[in-house]
Every structure is written in structure tokens, then in C-alpha cells.
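Data first, discussion second: the structure below is written as C-alpha cells.
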Amino acid sequence: PVVNDPDSCEVQGTVRTQDVPGKYHLNKGVNTIDFYHAYTFDQAKSIESLVVIGLEINRIPNPIDGRCGSSNGKILNSKPTAGLCAVGNYSAVSGNGPWNWKCYGSDGGKTVSCSANIVSPQCGSADGKTFSSKPNKNLCAVGISTPVNSSASKWTWQCINGAKKVSCDAKRYVAVCGNGILDSGEQCDDGNKINGDGCNAVCRLENSAIKIDKNDNDNGDDEQRIAKGASAEFKIKVTNVGQTDLKDVVVTDDKAPNCSRSANQTKNYFTGNYFKPGESFTYTCKDNSVANGYTNVVRVSAKSVNNKTVISSDTSSVITYIPSTCGDGKINQSSEQCDNGVDNGKVCVPGYGKTCSYCSNTCELITLSGGNCGDGKVEDGEQCDDGNNLNGDGCSSVCKVEKPTPKPTPKPTPKPKPTVKKCKGSIGNYIWLDADGDGNQDKNEKGIGNIRLKLKWAGKDGKWGNSDDKVWKTDTNHNGHYVFDRLCSGKYKLYVNDLDTKKYRKTYDPDGDKDNKTKITLHGNKDNHTKADFGYNKRKTVPATGPGAVALSLTGLFSVIGWLSYRQYKGKKFSLLKK
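If you read the sequence shown in my numbering, its first letter stands for residue 22, the second for the next number, and so on.
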């Protein structure tokens, strides 16, 4: 600015300026600066010194408008705290998205309003998808999810960000067995509801299994005796004991090859293209001209519909002997009932009311009976014989003629037939995997299924090796349990099949010998023996020699009288055999 000297003195020398704090707006020709000063005149130096002792400023300020900052008009995730005003002071930020604030002007400048918007909520990747259970992840990409609600066909929720919200939903999937989709709770789903194809009608996995039995064609025993050079006859029975269809059934018998069957041959034994669960077939075969006895294993293999191979085996024995000749005075137990040498064929004569036996020319024991009162034949010593032993009918019970009586004699009440006592004894109980090998049954040690056992009974006479001996066999169920029931009192021998346990080490049996067998005595027809347990460890053992013992699962009814009976229990068949 131009500084004027208000007095007659002119300002001489250098005009010095000095900045002062603050801002001053001076307009040309309008604003003036007045100096109040004192001065001295130094004649010697011809210098006038002007000292400013005060300054008075009259100004008119320019107005400054408020101006919004960089946050104005933006879309933000949260309330802005910076970039509110470029010029001017700002007010408090209000709202929950969008947000509002003001930037104030100064010196009469304008105040402006500013705002920013919140980011809109967005559904997450779960939106539009299909779920069988309530979704709990990826519900919102932006914002916070409300609880998920359900209806018959969909799941619904909202994503909220500030004051904004958006609705989201997903399809609700209801699990259906047989649609080819493996849903929660399903072990499998092969796209159908057909049993026997590996996945049953309720989408549970099915077990594949097969079983083979080979025994003597005459009495069903696993051991048969034949003369040297004779033929051994066998009966083979194969059963689908699993839950799936089987195919390519092959029977292999190394020592009796005539008993082997190819897949094409066995296909003729069952109906349709597949060997169905529960289905079985039986055929007979011979091993001709057997020179020496042997023990062999017959095996069967098959494939399930999903190409899983299943295998089963059974053991049988043939014992040969040199036959003796009828008439040599020596009894051949296998073919002769008697042999009296030169006395064979001499018929005995029974007395009245008595019996006698003689040995025929074919070494067969023949029993004859003498006359008896009541046989309908009048014999020496009898006055009559009306074919009964009743009194009062004209011929007495001792075959004497009776005098007629005017009053009829009432017929005597027939004697009741004796009641046959039923046998209710049993032998069991458990074959388990002794994981720690200590010979004790621990809680976490499981049973071993499909282990075959054989039970022999000495009969009512308690003597082994005669005609009243009986044999039963069974398998352990999938939990390792077994039972032989409806047993009579007497002596028993229990065997565990060596082949079924050859991959295990014996850790426990009832008599402590660990030889896969034990002796048991039932004291009475209701005696239940439940301690016939056997323990095995998975370490491999040396297989036992000999015919071994075979088994099949038994919980059914066995008759102790007769030659042969069958009963099916829990889906398995059992046989009672005469030794």
C-alpha cells in the first residue's frame, strides 16, 4: 500500500515493511493506514527518522463459504470420520446410513449440507442354492444376516447394513432315497429302491456273503468211511447268506475234482441271472475208486453286483478200510451187524412169550419172537386167542376161555401214553477277538462272526462210537455268539473249525488246552452251559491238522431222537445228523 505522511514532512529514505500476525484485507482507495509518529531531525546527517508508534486499520472482510470434503457423496461401509469439510468447521454426523453433516461458512459465508451413503447389503453365495439342512455359512456378502427361517420349500433370511436390508433365500431339499443323491443319513443311494444290488430300498449298504457245505451224501456227516477202491459220495450245498445278488459262482475241489463246478455250470442251478439272497442250490458228486483216505477243503467264490469277491469253504474227510468177509468170525463195524463164522444162518427157536436172535448168512442180526397171548394165534398152552389182552370178552388176558356173564363188563380205560420229556438244555456262548491277547473278555473287544463249530453227543447211553451218537453244527452270528439248544443231558464234545481260525492265535478256551475243542457234560435236560467261550488274537498261528471242526450258525430247534431233522432259525438252516 501507499503510505502517506499526514504532515508537511515527506517520508524519506527506505520504507520498511514488517509482517504482523493475522490476515488483513485491504482494498485500493477504500482502506487507509494512518500513522501516528514522532520524529527528530539530525542536521548533521540530513536524515529524517520516522518512527511508527501505532497502526489503525479499518477493513471490510470477504465472506468465506463452507465447502464439503472428500467423504461427501461417497458410498461407505461405516460412518465417516474424516474428509467431512474442505472449508469450514463440520457439525456432528447424524443418521445410520445414509449419514448427514454440515460445513459452516465464516465472515458471513454460506453453510452447506453434506452426506454419504452406506454400502447396500448383498446376499452371500448361499442365496439361490439348495440345502437339505438350515444353511449357516455365506449368508451375506455385505451386511449382517438375520436368523434363517424355514418353510416347506425354502430357507429365507435378510442381510442388513445400516438402515438398508435385502431379502435372500435358498431352496430347501428334502432327502429322498432312490434319487441317486447321497443325502445326510444315507449310507448309499444308487438311484433305485431295489434290494440286493449293494444298496437296499432304504439306502443302507448291503453285506455280500456266501456259504458252502460238503458232507457225506448218506448221513450228512463231514466224515465218511468207505472200503478201499470204493467211491465216496458227497452232497454240496451253496447258499447266498448275504444281502446282495451274486454272480459268477465257482466251486473248486482239488482232491475231488468231480465236485468242482464252473460259473456256467452253477448258473443252471439257480433261477435268473443272479444268485439271490437266501437262495441255495444242492448237487451230489462222486470221487471214484478212492485208494487212500484224505481230508480236503472245498471252496466257493462269487462276485457281488459291485464286483466284490466273497469266499467260503468247508472241510470233509474220507476214511478207507479193508473190508472183512462175512463168515470169517470177525465183525466189520462198517458193514456187519454180527459174524458167528460157521454158525451163521442157524435159526434159533424162541420160547412162548420170549425172543431170540441169530446171525444170518449175510451177517445181519435177526430177532424172532415166540408165541404170545394176544397175537390172534391159538398156540400150545392157550385155550383161546382173540388178538387182545382184555378180560370179559370171552377170552381172558391169559388166553383162557371165560364164562359169559349176564352183565357186560365195561371196557377198561386205556392207559395214557407216556409223556416224552422234552430236552431244554443248551451249550453256548461266545467267540471273541482278544485284541490284547490276555485271555480275558474286555468290554471293547468284539465277537468274531461266521466261525464254524461242531457239537457231538454220546447219546443216551453216554458211550462214544455207537449208533445213538448225534452231531450238530452252527456258525457264530455277526456278534460272535452261538448256541446249541434243546439238548438232553449227557456227554458232549465241542469243536471249533481249524480253518476258520487259522489266521488267529488261540488265547483262551474253556479247558485251558487252547486246541479248538473242549468237553462238556450237561447234568439234566434243563442244564444250560453258557461258558463255552473261545478267544483269539489276530497274530497268525500254525494251522491245525486233521479234519478240523466245521460250523454253521445255530439258534434253532434240534430233535435228539431220529435220524435227521431240519429247522430254520433267524434265516439259517441247521441239521441234526446220525453219526
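The beta carbon of each residue, even a glycine, is placed where N, CA and C say it ideally should be.
{"Asked": "Three-state secondary structure assigned by DSSP to G250", "Found": "coil"}
{"Asked": "Residues that DSSP places opposite V262 in a beta bridge", "Found": "Per DSSP, none; premise fails for V262."}
{"Asked": "Secondary structure, beta strand (DSSP E): runs of 3+ residues fully inside the stretch 296-331", "Found": "301-308, 315-325"}
{"Asked": "According to DSSP, residues forming a beta bridge with F505", "Found": "I448"}
{"Asked": "Cβ neighbours of C420 in the same chain (closer than 7 angstroms, five flanking residues each side left out)", "Found": "C394, E403, Q404, C405, D406"}
{"Asked": "Nearest-angstrom Cα separation, counted from R225 out to G501", "Found": "22 angstroms"}
{"Asked": "Straight-line gap, N498 to D506 (C-alpha atoms, nearest Å)", "Found": "15 angstroms"}
{"Asked": "contact_flag[the stretch 523-533, the stretch 474-490] where n(CB pairs < 8 angstroms) is 3 or more", "Found": "no"}
{"Asked": "According to DSSP, residues forming a beta bridge with N410", "Found": "Beta-bridge pairing links N410 to no other residue."}
{"Asked": "Buried or exposed by the 16-neighbour rule on C-beta atoms within 10 Å, applied to T292", "Found": "exposed"}
{"Asked": "First and last residue of the uninterrupted alpha helix (DSSP H) at T287", "Found": "284-287"}
{"Asked": "Delimiting residues of the beta strand (DSSP E) encompassing Y513", "Found": "511-517"}
{"Asked": "Segment contact, 8 angstroms Cβ cut-off, at least three pairs: the stretch 199-219 with the stretch 304-320", "Found": "no"}
{"Asked": "Same chain, Cβ closer than 7 angstroms to G366, five either side skipped, listed in chain order", "Found": "S381, N382"}
{"Asked": "Rounded C-alpha distance that separates V326 from E300", "Found": "16 angstroms"}
{"Asked": "Cα-Cα separation, S378 to V363", "Found": "16 angstroms"}
{"Asked": "Which listed residue (F152, A147, N110) has its alpha carbon closest to that of T132", "Found": "N110"}
{"Asked": "C-alpha gap between P435 and S418, whole angstroms", "Found": "14 angstroms"}
{"Asked": "Beta-carbon gap between K494 and K475 smaller than 7 angstroms", "Found": "yes"}
{"Asked": "Contiguous alpha helix (DSSP H) assignments of at least 4 residues, all confined to the stretch 196-235", "Found": "none"}
{"Asked": "Run of the beta strand (DSSP E) containing E558, from where it starts to where it stops", "Found": "Sequence inspection shows Asn at residue 558; the Glu mentioned does not correspond to that position. Segment 555-558, the beta strand (DSSP E) holding N558."}
{"Asked": "According to DSSP, residues forming a beta bridge with Q603", "Found": "Residue coverage of the chain in this structure runs from 22 to 600, which leaves residue 603 outside it and unanswerable."}
{"Asked": "Inter-residue CB distance, C180 and S171 (contact presumed, cutoff 8 angstroms)", "Found": "In fact, because the Cβ distance is near 17 angstroms, the residues do not count as touching under 8 angstroms."}
{"Asked": "Strand pairing of T376, partner residues [DSSP]", "Found": "S390"}
{"Asked": "Cβ separation of S112 and W122, assumed to be a contact under 8 angstroms, to the nearest whole Å", "Found": "5 angstroms"}
{"Asked": "Supposed contact pair I448 and L508 - C-beta distance, whole angstroms, cut 8 angstroms", "Found": "6 angstroms"}
{"Asked": "Own chain residues within Cβ distance below 8 angstroms of D190, not counting five before or after", "Found": "D148, G149, K175, W176, T177, W178"}
{"Asked": "F617 versus D275, T260, K307, I343, residue with shortest Cα-Cα distance", "Found": "Within the shown structure, residues of the chain are numbered from 22 to 600, placing residue 617 beyond reach of any answer."}
{"Asked": "Residue environment, A230, which counts as buried when at least 16 other CB atoms sit within 10 Å", "Found": "buried"}
{"Asked": "Where D463 falls: helix, strand or coil (DSSP)", "Found": "coil"}
{"Asked": "Beta carbon of A103 nearer than 7 angstroms to that of R88", "Found": "no"}
{"Asked": "Beta-carbon spacing of I202, V321 below 7 angstroms", "Found": "no"}
{"Asked": "N-terminal and C-terminal residue of the beta strand (DSSP E) that A107 is part of", "Found": "106-108"}
{"Asked": "8 angstroms Cβ shell around T330 - same chain, five flanking residues per side excluded", "Found": "S322, A323, K324"}
{"Asked": "Helix, strand or coil at C420 according to DSSP, with G and I counted as helix", "Found": "coil"}
{"Asked": "Expected contact under 8 angstroms - CB spacing of G118 and P142 to nearest Å", "Found": "Going by Cβ atoms, the distance from G118 to P142 rounds to 10 angstroms, so no, they are not a contact pair."}
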